[in-house]
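K.L.:
The structure follows.
Numbering (the working numbering), first residue to last: 26 to 281.
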């Protein structure tokens, strides 16, 4: 009898303990939504763009009046209703302060599992400042100054303007035409730098890496001084400035 009573009490204790410790978690799945829109570009002299929850794609356009956007939203939730509640609160924000337009993605504080991809089509003649992008940044066909503070990979294609890049990314790929007396300044902590320039570019060149190698082709570099981790010299008549620096990575400079 004592043995049976002890077994019965132990069973009650075990069941009670399990019911207290076990937490039922609803299964989640990924839900996706694409939203699009546009707004009128007024008299701003520069655009600051951020996306702290995912990658960024920018396309330059000859349209000087409008900015178009696509926002791909990705949310993990227990149901479509729960996901939709979060989707409605993920927005593209645009605020104009003084002569600068600020564009960013806003998400609700509780949406820890949400991420986004922002695509913009904007006037190609407006200077762009890119910062706080949690993913790759792709910038195409901008004919004005570009300034980037990067946290990941960066690709710039068809650029015609000055360029300033710093931060850290595995690969920084830039194809550009340097303006007369213009500059290209790339200084990253870690990552490879790949720069493509017209063979007719005119600039003073300085490229250096603390841990890596430097390669060049398709360019006529006069007065060059070359060691494995440093290259300096003059392109054309040296009217512009190209400074490339990485703490760890290779540098490639190619003329086309």
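From the three backbone atoms N, C-alpha and C, an ideal C-beta is built for every residue, glycine too.
Could you tell me if residue 100 is buried or exposed, where buried requires 16 or more neighbouring beta carbons within 10 angstroms of its beta carbon?
P.N.:
Mapped onto the chain shown, residue 100 falls at position 75. By the Cβ neighbour-count rule, residue 100 is buried, with 16 or more other Cβ atoms within 10 Å of its own.
K.L.:
Taking the alpha carbon of residue 120 as the point to measure from, which residue in 88, 71, 82 has its own alpha carbon closest?
P.N.:
The residue given as residue 120 occupies position 95 in the chain shown. That would be 71, whose Cα lies nearest to the Cα of residue 120.
K.L.:
When the distance is taken between beta carbons, is residue 144 closer than 9 Å to residue 213?
P.N.:
As a position in the chain shown, residue 213 is number 188, starting the count at 1. As a position in the chain shown, residue 144 is number 119, starting the count at 1. The answer is no: Cβ separation not under 9 Å.
K.L.:
Nearest to residue 195 by CA position, among 135, 273, 92, is which residue?
P.N.:
The count along the chain shown starts at 1 and reaches residue 195 at position 170. When only C-alpha atoms are compared, the closest one is 273.
K.L.:
Using beta-carbon positions only, say whether residue 240 and residue 268 come within less than 9 Å of one another.
P.N.:
As a first step, residue 240 is located in the chain shown; it is residue number 215 there, counting from the start. As a first step, residue 268 is located in the chain shown; it is residue number 243 there, counting from the start. Against a cut-off of 9 Å, the Cβ pair of residue 268 and residue 240 comes out as no contact.
K.L.:
Whole angstroms is fine: what's the gap from residue 86's alpha carbon to residue 185's?
P.N.:
For the purposes of this step, residue 86 is taken as the residue at position 61 of the chain shown. For the purposes of this step, residue 185 is taken as the residue at position 160 of the chain shown. Spanning the two alpha carbons is a distance of roughly 13 Å.
K.L.:
Rank 59, 137, 254, 209 by C-alpha distance to the C-alpha of residue 181 and give the top, closest one.
P.N.:
Taking the chain shown and counting its residues from 1, one reaches residue 181 at position 156. The candidate whose alpha carbon is nearest that of residue 181 is 209.
K.L.:
How many angstroms separate the CA atom of residue 131 from the CA atom of residue 166?
P.N.:
Position 106 of the chain shown holds residue 131. Position 141 of the chain shown holds residue 166. If I take the Cα positions, the gap works out to 26 Å.
K.L.:
If you run the structure through DSSP and keep just helix, strand and coil, what is residue 271?
P.N.:
Numbered from its first residue, the chain shown carries residue 271 at position 246. Residue 271: strand per DSSP, three-state reduction.
K.L.:
Please go through the same chain and pick out, in chain order, the residues whose beta-carbon is closer than 6 Å to the beta-carbon of residue 263, but skip the five residues on each side of it.
P.N.:
Position 238 of the chain shown, counted from the first residue, corresponds to residue 263. Contacts found: 229.
K.L.:
Among 191, 223, 217, 65, which one has its Cα closest to the Cα of residue 202?
P.N.:
For the purposes of this step, residue 202 is taken as residue 177 along the chain shown, with counting starting at 1. Answer by Cα proximity: 223.
K.L.:
In or out: residue 63 buried (at least 16 other Cβ within 10 Å) or exposed?
P.N.:
One-based indexing of the chain shown puts residue 63 at position 38. By the neighbour-count rule (16 or more Cβ atoms within 10 Å), residue 63 is not buried but exposed.
K.L.:
Find out if the Cβ-Cβ distance for the pair residue 161, residue 177 is shorter than 9 Å.
P.N.:
The residue given as residue 161 occupies position 136 in the chain shown. The residue given as residue 177 occupies position 152 in the chain shown. Result yes, Cβ atoms of residue 161 and residue 177 sit closer than 9 Å.
K.L.:
Buried or exposed: which applies to residue 278, given that a residue is buried once 16 or more other Cβ atoms fall within 10 Å of its Cβ?
P.N.:
Indexing the chain shown from 1 puts residue 278 at position 253. Result: buried.
K.L.:
Does the distance from the CB of residue 197 to the CB of residue 216 come in under 9 Å?
P.N.:
In the chain shown, residue 197 corresponds to position 172, counting from 1. In the chain shown, residue 216 corresponds to position 191, counting from 1. The answer is yes: Cβ separation under 9 Å.
K.L.:
Mind checking whether residue 159 and residue 174 have CB atoms under 9 Å apart?
P.N.:
Position 134 of the chain shown, counting from 1, holds the residue named residue 159. Position 149 of the chain shown, counting from 1, holds the residue named residue 174. The answer is no: Cβ separation not under 9 Å.
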